[in-house]
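Accompanying notes for the structure given below.
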Amino acid sequence: MTFVNQIINGLHVGSIYALIALGYTMVYGIVKLINFAHGDIIMVGSYTAMVIMTELTGLPLWVGLLIAMLAAMLVCTTFGVVIERVAYKPLRNTQRIAALITAIGVSLLLQNIAQLIFSPNSLPFPVAIRVPPVAIGEMTISFITLLTITVSVLLMLGLQAFVHKTKIGKAMRAVSEDRDAAQLMGINVSTTISVTFAIGSALAAMGAVLYSTAYPIIIPTMGAMPGLKAFIAAVLGGIGVLPGAMLGGFLMGVAESLTNGYISSQWGDAVVFGILIVVLLVKPSGILGRRTSEKV
Amino acid sequence: MLIVKDIQVYYGAIHALHGISFEVQQGEIVTLIGANGAGKSTVLKTISGLLRAKSGDVVYTGKSLRNVDPHNIVKLGLAQVPEGRRIFQQMTVLENLEMGAFIRNDRAEIEAGFEQVFQSFPRLKERRKQLAGTLSGGEQQMLAMGRAMMSKPQLLMLDEPSMGLSPILVNEIFSIIAQVHQSGTTVLLVEQNARMALSIAHRAYVLETGRIVKSGDAKELMDDDAIRKAYLGH
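Protein chains in written order, with our numbering: chain A, 10 to 305; chain B, 35 to 268.
Printed below as a string of structure tokens:
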């Protein structure tokens, strides 16, 4: 494996972390909650895609994959919105720790429901893409890697356009910055929060399908690790800042890949969590995080 | 137009408003004056729905606002310029104004709204692409007012528009308030700067520790000895 290959592998896994990190950071930005159930939304997405692809045997596999992606997005979006309405909204005006503990509870609930339905054992994720690697000069890059990076980057560009160009996207930014002032503009805060959870969950669903395509074994607790790493990516980039989550995701992926390649694959996770400790010690607001100052 | 009936408001255990009643007629400029902590901002927040009264009622054009959400109160034609401006610092000037027009959908009308705001505040036009957080304090106050005007309110409520501004800027802001009023908007003005507020208003209410202690014609209050001593400094 050349250095460039390691970097590309890092960008592959990093783009998935980035997609998931966007959900953490958007939700944190708007309700100041670390949504610990976000990782388990990945699991929901993977199981949904797995069920759909196993059921739709008659179709070509890539058509099945496409339908599975859409289904995963739909199911995850529904989960995200319902979880917010049922579990977090009633706690919106209480202490923050209450919602945080609830998020951990929701996470455990989702994992246990999945164990009841699908058993606690791992299941294979159907392999949908059998395309030979693409050769670029001396290098060969797997098709899945190219697809993952392309889809992720397109989704991120789409999200940036959404929050800067559309009315509801701008409302999301307004609510993130000042909820009361946003209400005084006539913005429905509850609707805006629901939209935020919906988008974050849809991105997690895409991340889930791409993740499981690369690592095709799924298990009810599978969301924990990528979820945690994506959370660290969000903190590294600056939680609440969208480009920060993207940057953080890519950096985390590359750091992990280089560690796996040049030190030892046993050190990959250690380096990732080491990054969290360093960020919290050196720059807790993250790379792109900003300290807002008030003008009088 | 607006009737506030005996509202009692609490912040947790703190009793902030002890039965406030007043009204604003269409076409008036009414001011609530009083010292820091008298409860002036609390009154405005209760009217706009950010705070709820424990008892009493707020009635706007015959409709009780008791169970109306803040974002729907705006749609009834009430806009508030909050204390401390509360502009969206990470958004551009133009985006802030767009948020002000959130309840409106007609693109042409919104564009006309921009033009109107830029006419009142030419400085905002120059800076329309800038992040609002980079504006000076005075410009931020102008933006906060422009943003509220974008919803085309029938009743505009302003909370301490003079706060932290130089005397020249205060004069500028108050002349804009007078213009907005002349164009047909009713104004409810909360101010610590009693002299400026009384000079522009038709009627005034004086708030002290959560109670209205005096009310009347603004000119008469300006000549009232007790008011002069307490709020006008001589």
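We put the CB at the ideal spot given by N, CA and C, even for glycine.
Q: Just the C-alpha distance for V240(B) and A72(B), rounded to the nearest angstrom, thanks.
A: If I take the Cα positions, the gap works out to 9 angstroms.
**Q.** Continuous alpha helix (DSSP H) assignments of at least 4 residues falling wholly in the stretch 185-245 of chain A
**A.** Here the runs fully enclosed are 188-193, 198-223.
Q.
Mapping the DSSP letters down to three states, classify I43(A) as helix, strand or coil.
A. In this structure, I43(A) counts as coil in the three-state DSSP scheme.
Q) Taking all protein chains shown into account, do 16 or more other C-beta atoms lie within 10 angstroms of the C-beta of P229(A), making it buried, or fewer, making it exposed? A) P229(A) should be labelled buried.
Q. Can you name the residues that DSSP bridges to H49(B)?
A. DSSP output for H49(B) lists Y44(B) as bridge partner(s).
Q. Out of curiosity, what's the CA-to-CA distance linking Y33(A) and T268(A)?
A. Rounded to whole angstroms, Y33(A) to T268(A) spans 25 angstroms at the Cα level.
Q) In chain A, which residues lie less than 9 angstroms from Q114(B) when you measure between Cβ atoms? A) By Cβ distance, chain A contributes L193.
Q. For E303(A), which residues from the same chain have a beta carbon less than 6 angstroms from its beta carbon, with the 5 sequence-adjacent residues on both sides left out?
A. The predicted position of E303(A) is uncertain, since its pLDDT is 43 and thus under 50; no value can be drawn from it.
Q) What residues of chain A sit near K109(B), judged by a beta carbon separation below 7 angstroms? A) For K109(B), the neighbours in chain A by C-beta distance under 7 angstroms run, in chain order, G195.
Q: Note down, in chain order, every chain B residue with its Cβ under 8 angstroms from the Cβ of E186(A).
A: Chain-ordered, the chain B residues with CB closer than 8 angstroms to the CB of E186(A) read F122, Q123, Q124, M125.
Q: Closer than 9 angstroms, Cβ to Cβ, to anything on chain B: give me those residues from the stretch 170-182 of chain A, in chain order.
A: Hits within the stretch, in order: H173, K176, K179, A180, R182.
(Q) Would you say L84(B) lies against chain A (beta-carbon separation less than 8 angstroms)? (A) With 8 angstroms as the cut-off, L84(B) counts as an interface residue toward chain A.
Q. What residue range is occupied by the uninterrupted beta strand (DSSP E) comprising S89(B)?
A. Here the beta strand (DSSP E) through S89(B) covers 89-94.
(Q) Check whether chain A comes within 8 angstroms of H236(B), counting only Cβ atoms and requiring the distance to be less than that. (A) Chain A contact via Cβ: absent.
Q: Specify, as a first and last residue, the run of the beta strand (DSSP E) that Q191(B) falls within.
A: Correcting the residue type first, residue 191(B) is Met in the shown sequence and not Gln. Start and end: 189-193.
(Q) Beta-carbon within less than 8 angstroms of G249(A)'s beta-carbon, same chain only, minus the 5 sequence neighbours each way: which residues are those? (A) The answer, listed in chain order, is T34, Y37, G38, S185, G298.
**Q.** Test: V305(A) CB closer than 8 angstroms to a CB of chain B
**A.** Confidence is the limiting factor: at V305(A) the pLDDT is only 41, short of 50, which leaves the residue's position unreliable and the question unanswerable from this model.
Q: Can you give me, in chain order, the residues of the stretch 238-256 of chain A that have a beta carbon less than 8 angstroms from any beta carbon in chain B?
A: Flagged: no residues at all.
Q: Specify whether the stretch 58-71 of chain A and the stretch 243-257 of chain A touch according to this definition: at least 3 beta carbon pairs, one from each stretch, less than 8 angstroms apart.
A: Contact between the stretch 58-71 of chain A and the stretch 243-257 of chain A is absent: fewer than three C-beta pairs spanning the two stretches fall below 8 angstroms.
Q. In whole angstroms, what is the alpha-carbon distance linking I113(A) and I122(A)?
A. Rounded to whole angstroms, the separation of the alpha carbons of I122(A) and I113(A) is 14 angstroms.
Q) Can the beta-carbon of K109(B) be found less than 8 angstroms from the beta-carbon of G209(A)? A) Taking C-beta atoms as the reference points, K109(B) and G209(A) fail to come closer than 8 angstroms.
Q. Taking the alpha-carbon positions, what's the P129(A) to G54(A) distance?
A. Whole-angstrom Cα-Cα distance: 17 angstroms.
**Q.** Contacts of A190(A) in chain B (Cβ-Cβ under 8 angstroms)
**A.** Chain B residues near A190(A): P116, R120, I121, F122.
Q: Using a threshold of 8 angstroms, state whether the C-beta atoms of A252(B) and A238(B) are closer than that.
A: Closer than 8 angstroms, so yes.
(Q) Against chain A, with Cβ distances strictly below 8 angstroms, would M133(B) count as a contact? (A) Interface residue, yes.
Q | Within chain A, the residues that F56(B) reaches when beta carbons sit closer than 7 angstroms | A | What F56(B) touches in chain A: nothing, since even the nearest Cβ is about 21 angstroms away.
Q) By the 10 Å Cβ neighbour count, where 16 or more other Cβ atoms means buried, how is A260(B) classified, buried or exposed? A) Exposed, because fewer than 16 other Cβ atoms sit within 10 Å of the Cβ of A260(B).
Q | Length of the line joining the Cα atoms of L8(A) and L117(A) | A | Residue numbering for chain A in the displayed model covers 10 to 305; residue 8(A) lies beyond these limits and cannot be assessed.
Q. What did DSSP end up calling S217(B) once you bin it into helix, strand or coil?
A. Coil at S217(B), not helix or strand.
Q: For V140(A), count neighbouring C-beta atoms within 10 Å of its own C-beta (all shown protein chains included) and say buried if the count is 16 or more, exposed if not.
A: Flag for V140(A) reads exposed.
Q: Using a Cβ-Cβ cut-off of 8 angstroms, state whether I296(A) counts as contacting chain B.
A: No, I296(A) lies away from the interface with chain B (no Cβ there is under 8 angstroms from its Cβ).
Q. Is it the case that the Cβ atoms of N197(A) and H52(B) are separated by a distance below 8 angstroms?
A. Cβ atoms of N197(A) and H52(B): not closer than 8 angstroms.
Q) Does the distance from the C-beta atom of I107(B) to that of G83(B) stay below 8 angstroms? A) If you check the CB distance, I107(B) and G83(B) come in under 8 angstroms.
(Q) Measuring straight from C-alpha to C-alpha, what distance separates M176(B) and F155(B)? (A) Between the alpha carbons of M176(B) and F155(B) lies a distance of about 7 angstroms.
Q: Give the single residue among M234(A), T205(A), E147(A) whose Cα lies nearest to the Cα of Q168(A).
A: With the sequence shown as reference, residue 168(A) is identified as Leu, and Gln is not the correct amino acid for it. Ranking M234(A), T205(A), E147(A) by Cα distance to L168(A) puts T205(A) first.
Q: Quick one: list the residues of chain A neighbouring F136(B), beta-carbon separation under 9 angstroms, in chain order.
A: Correct list: K176, K179, A180, A183, A191, M194, G195, I196.
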